[in-house]
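Following: one structure in structure tokens, then a few remarks.
Numbering (the numbering used here), first residue to last: 1 to 207.
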């Protein structure tokens with residue numbers, strides 16, 4: 001029926017080393033909340049964000065996967081059916097950045113070229129922003145669609161990062177399923193509903 005709102009569900013993985021702020025990012029993105037109390041995610045947690053995109057109601061199911069899960073035999077179960085991903089690292093801890101290629105390789109080995117954005121979290125703790133040229137080259141080398149410096153604490157570009165990924169999810173969905181979307185004018189409004197245990201944020205740039 002003309003004018004009828006369609007519905008789409010997208011599963012988004014949020015992965016990265018422990019302590020890099022994945023849960024905080026999600027909580028900020030979904031609930032606009034930041035908590036100083038840190039509790040490590042065990043296994044996997046979930047949050048749901050509803051987005052009105054054109055004439056389509058999109059439900060983003062964000063899977064908050066614990067840092068140690070990359071070594072767990074359950075990884076493939078968690079990854080199954082994902083449409084997109086965020087790989088998060090802590091800009092103050094180089095070892096979390098060094099682990100990014102391994103997380104991206106994990107995603108690529110389990111899923112078919114899904115849109116993945118690199119999230120450089122805790123940018124509020126940096127004196128200077130990351131080098132744009134270096135990060136763009138890194139994204140190109142490892143197959144990321146783009147990158148954002150973020151801060152869960154200060155809520156810097158969290159929404160921008162999520163919207164950027166959503167645009168790519170919809171674009172890929174259209175390419176794979178021609179005719180599913182009938183409206184070409186982009187309008188976005190946001191509502192959210194989630195498990196209140198989650199949290200996060202963003203700072204600088206995308207490639």
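Just so it is clear, CB atoms sit at the ideal spot from N, CA and C, and this is done for glycine as well.
Beta-carbon proximity check, residue 119 vs residue 150, cutoff 8 Å:
Here residue 119 is taken as the residue at index 119 of the chain shown, counted from 1. Here residue 150 is taken as the residue at index 150 of the chain shown, counted from 1. Going by C-beta atoms, residue 119 is nearer than 8 Å to residue 150.
Which residue or residues does DSSP assign as beta-bridge partners of residue 6?
Here residue 6 is taken as the residue at index 6 of the chain shown, counted from 1. Residue 6 is bridged to 56.
Which of the three DSSP states, helix, strand or coil, is assigned to residue 45?
Translated into positions along the chain shown, residue 45 becomes position 45. Three-state DSSP puts residue 45 in a strand.
If we require 3 or more residues per run, which beta strand (DSSP E) segments fall completely within the segment 102-153?
116-121, 146-149
Three or more beta-carbon pairs under 8 Å between the segment 145-164 and the segment 97-107, yes or no?
no
Quick test of your reading: residue 121 and residue 25, contact by CB under 8 Å. State the CB separation rounded to the nearest angstrom.
Walking along the chain shown from the start, residue 121 turns up at place 121. Walking along the chain shown from the start, residue 25 turns up at place 25. Sure, about 6 Å apart at Cβ, within 8 Å.
Does residue 19 come out as helix, strand or coil in the three-state DSSP assignment?
If you number the chain shown from 1, residue 19 lands on position 19. Residue 19: coil per DSSP, three-state reduction.
Taking the Cβ atom as the reference point for each residue, do residue 12 and residue 87 lie within a distance shorter than 8 Å?
Counting from 1 along the chain shown, the entry for residue 12 is found at position 12. Counting from 1 along the chain shown, the entry for residue 87 is found at position 87. In this structure, residue 87 does not lie closer than 8 Å to residue 12 by Cβ.
In the structure shown, what three-state DSSP assignment does residue 11 receive?
For the purposes of this step, residue 11 is taken as the residue at position 11 of the chain shown. Looking at residue 11 - three-state DSSP - the assignment turns out to be strand.
Could you check if residue 9 is buried or exposed, using at least 16 other CB atoms within 10 Å of its CB as the buried criterion?
To locate residue 9, count along the chain shown from 1; it is residue 9. Result: exposed.
Bridge-paired residues (DSSP) for residue 156
Along the chain shown, read from residue 1 onward, the residue named residue 156 stands at position 156. In the DSSP output, where bridge partners are listed per residue, residue 156 has 151.
Have a look at 34, 6, 20, 18 and flag the residue whose alpha-carbon is nearest the alpha-carbon of residue 155.
By one-based count along the chain shown, residue 155 stands at place 155. The shortest C-alpha separation from residue 155 is found at 34.
Cβ-Cβ distance between residue 18 and residue 67 below 8 Å:
Start at 1 with the first residue of the chain shown, and residue 18 comes out as number 18. Start at 1 with the first residue of the chain shown, and residue 67 comes out as number 67. Yes, the Cβ-Cβ distance between residue 18 and residue 67 is below 8 Å.
Beta carbon of residue 115 nearer than 8 Å to that of residue 165:
Looking up residue 115 in the chain shown gives position 115. Looking up residue 165 in the chain shown gives position 165. Taking 8 Å as the Cβ cut-off, residue 115 and residue 165 qualify as a contacting pair.
Taking the beta carbon of residue 140 as the centre, do at least 16 other beta carbons fall within 10 Å, making it buried, or is it exposed?
What you label residue 140 is simply residue 140 of the chain shown in a count that begins at 1. Exposed: under 16 other Cβ atoms inside 10 Å.
Cutting at 6 Å between CB atoms, please list the residues of its own chain near residue 91, excluding the five before and the five after it.
Counting from 1 along the chain shown, the entry for residue 91 is found at position 91. Counting only Cβ-Cβ distances below 6 Å, and skipping sequence neighbours, we find 120, 122, 123, 126.
From 56, 46, 112, 22, residue whose alpha carbon lies closest to that of residue 7:
Sequence index remark: in the chain shown, residue 7 carries index 7 (1-based). Residue 56 is the option with its Cα nearest to residue 7.
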